[in-house]
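Protein sequences, first through last, are from chains X, D, W and Z.
Following the numbering used here, the residues of the first sequence are numbered contiguously, the last one being 353.
Following the numbering used here, the residues of the second sequence are numbered contiguously, the last one being 353.
Following the numbering used here, the residues of the third sequence are numbered contiguously, the last one being 353.
Following the numbering used here, the residues of the fourth sequence are numbered contiguously, the last one being 353.
C-beta atoms are modelled at their ideal positions from N, C-alpha and C, and glycine is treated no differently.
Some notes on the structure that comes next.
There are 4 protein chains.
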Amino acid sequence: MAGNSIGNIFKVTTFGESHGIAIGGIIDGCPSGIALDFDAIQNELNRRKPGQSEIVTQRKEPDTVEFLSGIFEGVTTGTSIGFTIKNANQKSKDYSHIKDVYRPSHADYTYDKKYGVRDYRGGGRSSARETACRVVAGAIAKQVLKDVKINAFTSSVGEIFIDKPYQDLDFSKTETNIVRCPDEKIAEQMIARIKEIRKQGDTIGGTVTCVLQNVPVGLGEPVFDRLHAELGKAMLSINAVKGFEYGSGFCGAKMKGSEHNDLFNADGSTKTNLSGGIQGGISNGMDIYFRVAFKPVATIMQKQETINSEGEVVEMQGKGRHDPCVVPRAIPIVEAMAAMVLTDYYLLNKMHS
Amino acid sequence: MAGNSIGNIFKVTTFGESHGIAIGGIIDGCPSGIALDFDAIQNELNRRKPGQSEIVTQRKEPDTVEFLSGIFEGVTTGTSIGFTIKNANQKSKDYSHIKDVYRPSHADYTYDKKYGVRDYRGGGRSSARETACRVVAGAIAKQVLKDVKINAFTSSVGEIFIDKPYQDLDFSKTETNIVRCPDEKIAEQMIARIKEIRKQGDTIGGTVTCVLQNVPVGLGEPVFDRLHAELGKAMLSINAVKGFEYGSGFCGAKMKGSEHNDLFNADGSTKTNLSGGIQGGISNGMDIYFRVAFKPVATIMQKQETINSEGEVVEMQGKGRHDPCVVPRAIPIVEAMAAMVLTDYYLLNKMHS
Amino acid sequence: MAGNSIGNIFKVTTFGESHGIAIGGIIDGCPSGIALDFDAIQNELNRRKPGQSEIVTQRKEPDTVEFLSGIFEGVTTGTSIGFTIKNANQKSKDYSHIKDVYRPSHADYTYDKKYGVRDYRGGGRSSARETACRVVAGAIAKQVLKDVKINAFTSSVGEIFIDKPYQDLDFSKTETNIVRCPDEKIAEQMIARIKEIRKQGDTIGGTVTCVLQNVPVGLGEPVFDRLHAELGKAMLSINAVKGFEYGSGFCGAKMKGSEHNDLFNADGSTKTNLSGGIQGGISNGMDIYFRVAFKPVATIMQKQETINSEGEVVEMQGKGRHDPCVVPRAIPIVEAMAAMVLTDYYLLNKMHS
Amino acid sequence: MAGNSIGNIFKVTTFGESHGIAIGGIIDGCPSGIALDFDAIQNELNRRKPGQSEIVTQRKEPDTVEFLSGIFEGVTTGTSIGFTIKNANQKSKDYSHIKDVYRPSHADYTYDKKYGVRDYRGGGRSSARETACRVVAGAIAKQVLKDVKINAFTSSVGEIFIDKPYQDLDFSKTETNIVRCPDEKIAEQMIARIKEIRKQGDTIGGTVTCVLQNVPVGLGEPVFDRLHAELGKAMLSINAVKGFEYGSGFCGAKMKGSEHNDLFNADGSTKTNLSGGIQGGISNGMDIYFRVAFKPVATIMQKQETINSEGEVVEMQGKGRHDPCVVPRAIPIVEAMAAMVLTDYYLLNKMHS
């Protein structure tokens, strides 16, 4: 238990620093006999990739995945799937200015205190670059779960938010704009806001909403491993996430029981869905939906005072190419994490068949 | 992995239905040599116990814990600690009216679909009664972590909330009122609100805030097992929880990086603490604080239409003695879960010593 | 990971010292819907129970199991099954003579060094008394696996051994004699040998052979979790076990490939079965058979020199009622461990269905 | 839990088929701050490598390991260590003759039945090629445990065995001959025997003995995770292993307690060591020693009848370059597995510090 694995049956372990030779991972427990759609996997990576639009980091990484095992003639064999993604961006010179410096609200300080040593180049293991491996594993998980529909989208950027329930949105619009917001008018406002923030050398937070449809009834385990608890952990494990709520969420804490209860239809579906598709930690067949809060990226292009490892005060300013808002690139990551969690519970639930 | 365990090094597994003979658990991995304070353990159980005040359920359960192993002459031996808590409330007649009925927003439907069979008496395994076992394990975890201060409190009930930062509160006041709110004026309003709601035969939600102080630097693991991710999962695993946020939380999603970054003091502490005491998933020595949203209890004393297992529409009304608001009794549960998670990471971190 | 759990899907955690109030355990991951045969469970406990015949310890323990959860109206519900077995033998006075003494070839010394504290009464957690909990869990596992036949028997006591292949034995004879050897002539010799040893105040080792029939093809996982590796670990975890071999075992190390290879019949069965029913760590549908070596019990009724916790040499002599040979009572334990391992893999393999 | 991981704190997960692009793995939980000796790692791989002498397979594989992460400027950083080893031997044409054929005593049949699909080239995942990854992880584990001495050696080949206790051997002689037997006279006989067997187109089994010295007192966990149980599982997980015994082993089953007990010296060491350095599953500071039985390699250069996936009887004959005796190359694998297990328990035991 050293932090680099997720899942029990569909188990994913990853490795890699932002400026090492490569990042990669192992997927253990993928069912055999799945004819993989490799274009779909690469497409998910492309959605996360830096440099994809004018509102994300302009760093260039081809992010091409190479599968090394567990697949034979295009079909999963049931054995462990190893994969790597080469790092294009290995040259270390860009990072000498932060070698001994603890950047504010980064993991530099805590990694140094915990491990006594760290790869300071671009955040090392704490860099969001590792999420590319999650996207690969999630893209395979989506193919295990083929009937489930997983749709994440940008629901707010700073103070700008979609003011409609998700039922009124057309998810096919999410990929039609660079901020990945299915409401086109709001998308325009978000994009304008991000451009403005970037000009200021600043960054901004936002939220992602994710909707899971066609989830079979019965996924989840009682008590400690409730489906929403594991979804929450998975989302909170993504860089920059500060909060998670599902169904009625924090609003539910203001409500009365008589307002909040979801009454049943005769077929077991419910008239409302404040429960968010999960009761007692187990999916009930209704839509599962949740919302994830992302803080603003800590690297800003403004001067900040900070300290170095000697405890001396130094001035620093972000260099290089960073995201003014992490949310547009986080969409495929949120989907990947949801897919992994669902797949794990889906396979686990087969025990009861 | 069937849901009844939490932790990796300090591992807790629980069992028990609300109306069986007893509930209980096993704590595996508790360090040896701890001279346990048994009064402190029982005191935590008393804080969670039904019937403790006029704003909680009037059901009576003595909730006395019996330890069966792992302790010799009052000291932990390092072997597994088994314990049981007898159920006073075993008579089943109260529950015949819900035998075949799926109560709205309960786990009846999902358990039935997942397992094909369920103990319908009082929710069975999905009852919040199991949280008594968490409180026992958490009370022992607190004794492992003796320098860490763990303070949870009621931060809102319905629309009524504490409008101060936690730094302005006196945690010694939390236990001076029955709603467990350290702001005495707000506490009065909360109590009045809960009494009103109870008269209506209704229930209401609320939030709990928890502050962890004196946490050593370095607890947490990278990538998937970040400290806040595991705290989030632990909180989301508590009955009725719909959301979790730490540090700046959902508000952080509206902020700019230049506002959100926590600048360092020369000693490594930070001038602000929007990070919530955790950077890159690892504790940085600042206060860890988080907020947990609880929905209103689903059992209300009003008539509701629902369905039975045949899919027929039936009318039902809650009987018995239920909590109008779960939050006052949830305080020790939130603390217990936090203590268990911290202890697990504390022991794990010894690997690096 | 502190040693008191086994299994991944069918997960068993136990607690209890030989002279505490009770021992017990939790079975997590038992499938729902199994109508348990409680007499069969108690019968397994009776096979392990002290005092059952003149060649085992004359200590008296009723060993009655009480189930506390996870079963409703006689049927498993899929939630965690808690159980306890009261210790009749709690009075501590018999053990004052070993309080500070490290008995030779017991765990007294290592427990003291590892934990700094120990329950010295009768071995505490290291006592074979904990195996009663294994027998309970194994008896339930047998009911999950109902088509599989599990037959263990005493194959040797000291130098006396069965000189036939297991195929020539009638397993229905195993329970007809107190040493649990299906060859009645050999059984008589074994019984005589154990009686003689007991008169000498000595003890003697032996071996148990176990045969698993009707195991489905496909149980086991590649590489580190091969079926025989997990069976081996399970057997080696039983008190007093010194060795494990399956199929051709140590004899196989003397053979040539041309002699050892199991040639196929057209239906996929094999003409010989030196592989022991497992190829590449996965069951092939043939009988699985293995042999387990038990050392002689360390407590003897003869004077021995030893040391105390101060490092002083002291003389000691076993008191009380101990087994002259552990093997007859080990038969149900070996079967229980085999049943647990097979059940775990059986449930895990459903993932591929 | 799909079989490709071992360890709890020092956790190793591997991937790769014999004829894929590469094999590799991830080591998660390696302590930070270890300045790795890369030559020592490569040296271990060279000891396992094919083609190293005239009595092993003449297949050529350079077996060069490439580390991709978790190491910065030669020092471990505490994050996951990813590595790959390229397969030189990828061309598939050699294996067309076994595409649909189930080779006797291989895993072809069981993999096909379990997964419904398999990489038939050279055994795919069931090939012993994966053990190269174990050797890499074990070589790092050895560097974590630097005070512990781990010495494995060939103790028998077929009927030829070392007839001395290990204390009379000079382990520095092990690497002076190609069969890795520290008794030079016996080594010559073993080498002659293997050459003879190879000429016959046959194969032969053997045993490996392993001695662990300077192991700290206190490693191991009670009940299910005893140190010898995990060592046993680790050894049984190696390809071709049929048995494991430690200390007195199967001979102990023939002994009396009065002969078998290890009496203490005043310093806590024991006069004899039939216990094999482990009491109650926990190391006692004496030498740990065990013996592992390897069957003869199943691939022989003689004609055998077998079946194909249609159930038709076909004749086959091994092609290519196979080991006549697996034992000489198994020495570093046994050591690697022992090192991994000890490291895992060593780190786990820090919890008690």
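- According to the DSSP assignment, R48 of chain Z belongs to the alpha helix (DSSP H) that extends over F38 to R48.
- Note on the segment 207 to 283 of chain W: whole beta strand (DSSP E) runs with a minimum of 3 residues are 241 to 246, in chain order.
- Setting aside the 5 residues that flank it on each side, P31 of chain X is surrounded in the same chain by T76, G78, V144 and L347, each with a C-beta closer than 8 Å to its C-beta; the list follows chain order.
- The straight-line gap separating the alpha-carbon atoms of A240 of chain Z and V215 of chain Z is approximately 27 Å.
- In the DSSP assignment, M1 of chain Z falls outside any alpha helix (DSSP H) and carries neither an H nor an E.
- A residue is called buried once 16 or more other Cβ atoms fall within 10 Å of its Cβ, and Q167 of chain W, having fewer, is exposed.
- DSSP places V144 of chain D in the uninterrupted alpha helix (DSSP H) bounded by T131 to V144.
- Here K11 of chain W carries a strand assignment [DSSP, helix/strand/coil].
- In the three-state scheme derived from DSSP, where H, G and I count as helix and E and B as strand, I85 of chain D is classed as strand.
- In the structure shown, M286 of chain D falls within a coil segment according to DSSP collapsed to helix, strand and coil.
- Note that the segment 45 to 57 of chain Z touches the segment 322 to 341 of chain Z; at least 3 beta-carbon pairs, one per stretch, sit closer than 8 Å.
- Counting other Cβ atoms within 10 Å of its Cβ, G138 of chain X reaches 16 or more and is therefore classed as buried.
- By the Cβ neighbour-count rule, N284 of chain Z is buried, with 16 or more other Cβ atoms within 10 Å of its own.
- For P222 of chain W, the closest C-alpha among the options Z:D225, Z:G201, Z:E188 and Z:K114 is that of Z:K114.
- Looking only at X:I278, X:L36 and X:E175, the smallest Cα-Cα distance to F72 of chain X is reached by X:L36.
- Taking 7 Å as the cut-off, the Cβ atoms of A293 of chain D and S105 of chain D do not count as close.
- Within chain X, no residue has its beta carbon less than 7 Å from that of D28 of chain D; the closest one is some 14 Å off.
- For E335 of chain W, the uninterrupted alpha helix (DSSP H) run begins and ends at V327 to N349, by DSSP.
- According to DSSP, Y102 of chain Z shares a beta bridge with Z:I307.
- Against chain X, the beta carbon of G205 of chain D has neighbours under 7 Å at G252, A253, K254 and M255, listed in chain order.
- Listed along chain X is no residue with a C-beta nearer than 9 Å to that of E315 of chain D; the closest approach is about 11 Å.
- Ranking Z:L263, Z:G281 and Z:S269 by CA distance to the CA of Y246 of chain Z puts Z:G281 first.
- Neighbourhood of V179 of chain D in chain W, by CB distance below 8 Å: empty, with the nearest CB roughly 32 Å away.
- Under the three-state reduction of DSSP, A298 of chain D is assigned to coil, being neither helix nor strand.
- Within the segment 125 to 142 of chain W, contact with chain D at the beta-carbon level (separation under 7 Å) is assigned to R125.
- Under the 7 Å criterion on CB atoms, L236 of chain D is classed as non-interfacial with respect to chain Z.
- Across the structure, K164 of chain X and F224 of chain D are spaced so that their CA atoms are roughly 32 Å apart.
- The beta carbon of E230 of chain Z sits closer than 6 Å to those of V341, all from its chain and outside the five residues before and after it, given in chain order.
- In this structure, H19 of chain X and G122 of chain X form a Cβ contact; the two beta carbons are roughly 5 Å apart against a cut-off of 8 Å.
- A Cβ-Cβ separation of about 7 Å places I162 of chain X in contact with C181 of chain X under the 8 Å criterion.
- Take H228 of chain X, set aside five residues on each side of it, and the residues of its chain with a beta-carbon closer than 6 Å to its own are Y246 and I278, in chain order.
- Listed in chain order, the non-local C-beta contacts of S248 of chain D below 6 Å within the same chain comprise L274, local neighbours out to five positions each way being set aside.
- Closest in C-alpha terms to S80 of chain X, from the list Z:D39, Z:G74, Z:S69 and Z:R125, comes Z:R125.
- For the pair I300 of chain W and S96 of chain W, the Cα-to-Cα distance works out to about 17 Å.
- In the DSSP assignment, the residues bridged to G25 of chain X are X:T14 and X:F83.
- For I150 of chain X, the uninterrupted beta strand (DSSP E) segment begins and ends at K149 to V157.
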